[in-house]
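Below: the structure, in structure tokens.
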Amino acid sequence: MDSLETRELRYFMAVAEELHFGRAAARLGMAQPPLSRAVQRLERRLGVTLLERDRRGVALTGAGTVLLDEARAALDAVTAAARRTRRAGGSGSGERLVLAVKAAASHELLTELLDAYAAEPGAAGIEVLPSGICEQGEMLRDGRADVALMHTPFNSLAGFDSEELLTEGQIAILPAGHPLAARGTLSLDEVGDIPDLPLARWARHGVFPPGPGPEIHDMTQLAQLIALGRTAAVIPESARAWLWAQHAAVPLTDAPAVVTHIVWPAHSRSRALAELIRTATRL
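Residue 65 in this note's numbering sits at position 54 of the sequence shown, with consecutive numbering throughout.
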């Protein structure tokens, strides 16, 4: 029998991520023995060993690694289906779309897109949902968003449909009074080697990269720390829209170009979404 229940997948995923039956049981709010029996039944039904168990603990087998990846995708799809269904039936005012955007990115493009789409006959309501630096893909997969503005090379577009909208350079944001703020251009090496201004660090998939710079959680925090002379940042040119008077923007000569894409799940059949994409590609 090849069918799997979402409950089984959640049980297995908890053990696979915790690599400990006791912690997984606590996470699921259940006792350990029934959790162990459920995973054993799943292994018997599939005819494979998913977890190696010994005195040192629990480890994933090759088959277990495959099922963990597939389980995450399957549970995201189930969650997405529930969220999008509720959204479709939760308002009497017609279809509504949720657009995920990275905070402070592509501000002018986003404004133009929302204005142009709102002018279309029968346009759906658009909820703009700010997100972290690499969260848009996850928000599309689990149904929190229907469409997103994503940026390569920072975001992966794998598994989605997309259209390119804008290509731009990058700039360094420095405190306005810093000596390098008067330069006409800078290189990435120069920006990364300022002793008194370590580059800000953003989390990607929940993990902060190593380095001496401060860990940044939102754009307001970043703006304040730059104004106080505690950090610098490298961001796309379009992010000039949120700069303060205490900031200076210096173009970078060797930073890779940033491409903004409008991105959506490949299986989407929403007419409102199709019209939004057509509007975006016309801009």
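Even glycine gets a Cβ: it sits at the ideal position worked out from N, Cα and C.
| query | result |
| --- | --- |
| Under the three-state DSSP convention, the category Leu48 falls into | The amino acid occupying residue 48 in the given sequence is Arg; Leu does not appear at that position. Helix. |
| Spatially closest choice to Glu16 from Asp265, Val245, Leu86, by CA coordinates | Leu86 |
| C-alpha gap between Gly224 and Asp204, whole angstroms | 11 Å |
| C-alpha distance - Glu118 paired with Ala250, whole-angstrom precision | First, the amino acid is wrong: residue 118 is His here, not Glu. Rounded to whole angstroms, His118 to Ala250 spans 7 Å at the Cα level. |
| Where the alpha helix (DSSP H) through Leu121 begins and ends | 118 to 129 |
| Nearest neighbour of Pro164, chosen from Ala192, His228, Asp200, Thr271 [CA to CA] | Thr271 |
| Backbone CA spacing between Ile137 and Arg107 [nearest angstrom] | 6 Å |
| Burial state of Gln147 (16 or more Cβ within 10 Å) | buried |
| Cβ neighbours of Ser167 in the same chain (closer than 8 Å, five flanking residues each side left out) | Gly148 |
| CA nearest to the CA of Leu53, picked from Pro221, Arg67, Ala291, Met24 | Met24 |
| Three-state class that DSSP yields for Leu160 in the structure shown | strand |
| Same chain only: Cβ atoms within 7 Å of Thr290, ignoring 5 sequence neighbours per side | Leu124, Ala127, Tyr128, Glu131 |
| Span of the alpha helix (DSSP H) around Arg98 | 73 to 100 |
| Simplified DSSP state of Asp5, which is helix, strand or coil | Outside the shown range of the chain (12 to 294) lies residue 5, about which nothing can therefore be said. |
| Start-to-end residues for the alpha helix (DSSP H) that takes in Thr290 | 282 to 293 |
| Beta-ladder partner(s) of Leu263, from DSSP | Leu197 |
| Cutoff 7 Å; reference Pro331; Cβ partners in own chain excluding five residues on either side | Because the chain is modelled from 12 through 294, residue 331 falls outside the range shown and cannot be assessed. |
| Segment limits, alpha helix (DSSP H) that includes Arg34 | 32 to 39 |
| Cβ pair Leu176, Ile273 closer than 8 Å | yes |
| Beta-carbon proximity of Thr60 to Ala74, cut-off 8 Å | yes |
| Whether Gln181 touches Glu286 by CB criterion (8 Å) | no |
| Buried or exposed (CB count within 10 angstroms, at least 16 for buried), Val202 | buried |
| Which of helix, strand or coil DSSP assigns to Thr60 | coil |
| Cβ distance (whole Å) where Ala244 is taken to contact Leu233 below 8 Å | 6 Å |
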